[in-house]
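The structure appears right after this line, and notes come after that.
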């Protein structure tokens, strides 16, 4: 009973945290545009809470630079379960234009933390980001919390 | 007491570490750590043709991405001793000023967000979307446009585009004054902005502040005054203020928006017919060129080897502005909440600011330095 209630609440109230781990800022600008009255992320129950300890979803932007290699794991560990990582833009998937000789990036981000879903584009449009978050996030959060519960029951 | 803020923090939009030395709530000293977004763009650019480099220069900064491609194209054009056709120059002015409008609105919205004034944050972002629509209409994309090439621009615009852009600008102009009045006459937001984060003209000169941050402290310096297009065809005077506090910096950015709208109107009225692109032969040599990005002066120093780029050095405005923020604005700020607002008012863009990383192979140490 309580778990079902938790699942319903999880589907409709999602806090996201933006982590820029070394990109060009373009994806972060589009994420800010998602908050604007035209796109209005908050009408779907998604709130920008830029604190990893309170977040349900980590929005990852940027190719992983040298300084972020260990910090990315630490931030992931600090986020409470169940958590979902959504990679926004091409950078966390492939490194985009920075993954060339001379570039100091270590893409993809999935080398360091598990990435659940990704939106392509350099940068993706705000409507694409919102549809991706809405499609992936609520289902994934509930599935993860159920998986965690099964592990607990086995114990 | 030392209060560390960042790199991931609700008050900051980009990764950076602020160390504030405080006594009670008063900030005595501030220190800034860079290095979280260093990607090594200048190194990647070495030994490549301009067709490959212009996309990299666009991705130095996502907010003012247009101005970087224009500076990169102009440094190679002027090295060859040529100027692009007049129609391309006018189209560049239109997109440049549209980019300036959206960047200034974004900077002010982050300032209002850091003051926790949610309503102005939303209102400003709503107006910004109209500038983004115009940018998408004329160049094909919202952020990284890929619109400039060496020798001109990639796509032409016709009267239908111009009419739509003028309609969008009319909407921005109608609603702009109301938002400025909300900010300048509101008692709470005005009290929290006036007299906070002071920087005098001498300090701005010492810290080499540029752009709206320098102009708000009385440094009357705008690179558009020296640019050949603006000098030949446009009626332009830089806007500046004397106070040098958070209020002046925000108002200076607000005041530049009607000026940009006026420049776009002048460009659309007088745009000449003709080509938008001409072939340019890349010469061997060295050239440096300065341009006014939304955040201030951006300088490209480029050395070429016939076809390939031998060496390039890019000086972006953010690095000097963030530095003068840490040295002169933050010490003496009354509370920590005001310190975050002061930091946001200096319009920081960390993606621009990361340039040099020094690796000592013998000692296996990595040191990150800012270069001017």
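Protein chains in written order, with the numbering used here: chain A, 1 to 155; chain B, 1001 to 1372. Glycine residues also receive a C-beta, built at the ideal position from the N, C-alpha and C atoms. Note that the structure is a prediction, hence the values are computed from the model and not measured.
Closer than 9 Å at the beta carbon, the chain B residues around residue i
i, result
"residue 52(A)", "1008"
Residue i versus residue j - alpha carbon distance
i, j, result
"residue 1043(B)", "residue 1053(B)", "11 Å"
"residue 1101(B)", "residue 1361(B)", "45 Å"
"residue 1322(B)", "residue 37(A)", "30 Å"
"residue 1179(B)", "residue 1103(B)", "16 Å"
"residue 1334(B)", "residue 1196(B)", "8 Å"
"residue 1297(B)", "residue 1223(B)", "7 Å"
"residue 1011(B)", "residue 1215(B)", "25 Å"
"residue 1229(B)", "residue 1236(B)", "11 Å"
"residue 1092(B)", "residue 73(A)", "43 Å"
"residue 47(A)", "residue 39(A)", "13 Å"
"residue 1363(B)", "residue 28(A)", "36 Å"
"residue 1138(B)", "residue 1313(B)", "30 Å"
"residue 1086(B)", "residue 1023(B)", "58 Å"
"residue 1349(B)", "residue 1205(B)", "21 Å"
"residue 1036(B)", "residue 1158(B)", "43 Å"
"residue 1065(B)", "residue 1059(B)", "7 Å"
"residue 1160(B)", "residue 1225(B)", "30 Å"
"residue 111(A)", "residue 1339(B)", "36 Å"
"residue 1002(B)", "residue 1019(B)", "7 Å"
"residue 106(A)", "residue 69(A)", "8 Å"
"residue 5(A)", "residue 71(A)", "34 Å"
"residue 43(A)", "residue 126(A)", "14 Å"
"residue 1302(B)", "residue 1285(B)", "8 Å"
"residue 119(A)", "residue 1194(B)", "42 Å"
Contact list for residue i against chain B, beta-carbon separation under 7 Å
i, result
"residue 105(A)", "1039"
"residue 75(A)", "1008"
Where residue i meets chain A, residues with beta-carbon distance less than 8 Å
i, result
"residue 1144(B)", "24, 26, 122 and 123"
Residues near residue i in its chain [Cβ-Cβ closer than 8 Å; skip 5 each side]
i, result
"residue 10(A)", "56, 82, 138, 141, 142 and 145"
"residue 1372(B)", "Low confidence applies here, because residue 1372(B) scores a pLDDT of 39, under 50, leaving its location unreliable and the question unanswered by this model."
"residue 121(A)", "89, 90 and 128"
"residue 1077(B)", "1083, 1084, 1150, 1151 and 1280"
"residue 1047(B)", "1308, 1309 and 1310"
Chain B contact residues for residue i, given Cβ-Cβ distances below 8 Å
i, result
"residue 130(A)", "The premise fails here: residue 130(A) is roughly 14 Å from chain B at the closest Cβ pair, so nothing lies under 8 Å."
Closer than 7 Å at the beta carbon, the chain A residues around residue i
i, result
"residue 1043(B)", "102"
"residue 1063(B)", "25 and 29"
"residue 1059(B)", "24 and 97"
"residue 1036(B)", "22, 65, 67 and 68"
Nonlocal neighbours in the same chain, by C-beta distance under 7 Å from residue i, ignoring five residues either side
i, result
"residue 147(A)", "none"
"residue 149(A)", "3"
"residue 1107(B)", "1253 and 1347"
"residue 1080(B)", "1280, 1281, 1282 and 1283"
"residue 1219(B)", "1201, 1204, 1205 and 1209"
Residue of the options minimising C-alpha distance to residue i
i, options, result
"residue 1329(B)", "1244(B), 1014(B), 1039(B) and 1141(B)", "1244(B)"
"residue 63(A)", "119(A), 16(A), 12(A) and 99(A)", "99(A)"
"residue 1279(B)", "1059(B), 1084(B) and 1014(B)", "1084(B)"
"residue 96(A)", "1112(B), 1144(B), 1185(B) and 1123(B)", "1144(B)"
"residue 50(A)", "1249(B), 1028(B), 1004(B) and 1015(B)", "1015(B)"
"residue 1155(B)", "1128(B), 1309(B), 1127(B) and 1095(B)", "1095(B)"
"residue 1294(B)", "1070(B), 1287(B), 1165(B) and 1285(B)", "1070(B)"
"residue 1073(B)", "1170(B), 1031(B) and 1146(B)", "1146(B)"
"residue 1261(B)", "1172(B), 1182(B), 1193(B) and 1326(B)", "1172(B)"
"residue 1031(B)", "1217(B), 1325(B) and 1341(B)", "1325(B)"
Chain-ordered neighbours of residue i on chain A, where CB pairs are closer than 9 Å
i, result
"residue 1055(B)", "97"
"residue 1351(B)", "20, 22, 23, 24, 25, 26, 28 and 62"
"residue 1125(B)", "32, 33, 35, 36, 37 and 38"
"residue 1082(B)", "Per Cβ cutoff of 9 Å: no residues; residue 1082(B) is ~28 Å from chain A at best."
Residues of its chain near residue i, where Cβ-Cβ distance is below 6 Å and the 5 sequence neighbours each way are ignored
i, result
"residue 1098(B)", "1131, 1134 and 1135"
"residue 31(A)", "18"
"residue 1198(B)", "1244 and 1245"
"residue 59(A)", "16, 18, 86 and 88"
"residue 1185(B)", "none"
"residue 1088(B)", "1152, 1153 and 1276"
"residue 1211(B)", "1295, 1296 and 1317"
Check your understanding: At a Cβ cut of 9 Å, what residues of the stretch 1008–1023 of chain B count as close to chain A, listed as they run along the chain?
Key -> 1008, 1009, 1010, 1011, 1012, 1013, 1014 and 1015
Exercise for review: With 8 Å as the C-beta to C-beta threshold (strictly closer), list the residues of the stretch 17–31 of chain A near chain B in chain order.
Suggested key: 17, 18, 19, 20, 21, 22, 23, 24, 25, 26, 27, 28, 29 and 30
Review point. What residues from the stretch 34–45 of chain A come within 8 Å of chain B, judged by C-beta to C-beta, listed N to C?
Key: Those residues of the stretch 34–45 of chain A that come within reach of chain B (Cβ to Cβ, closer than 8 Å) are 35, 36, 37 and 38.
Review point. Along the stretch 1253–1271 of chain B, what residues have a CB closer than 9 Å to any CB found in chain A?
Key: none
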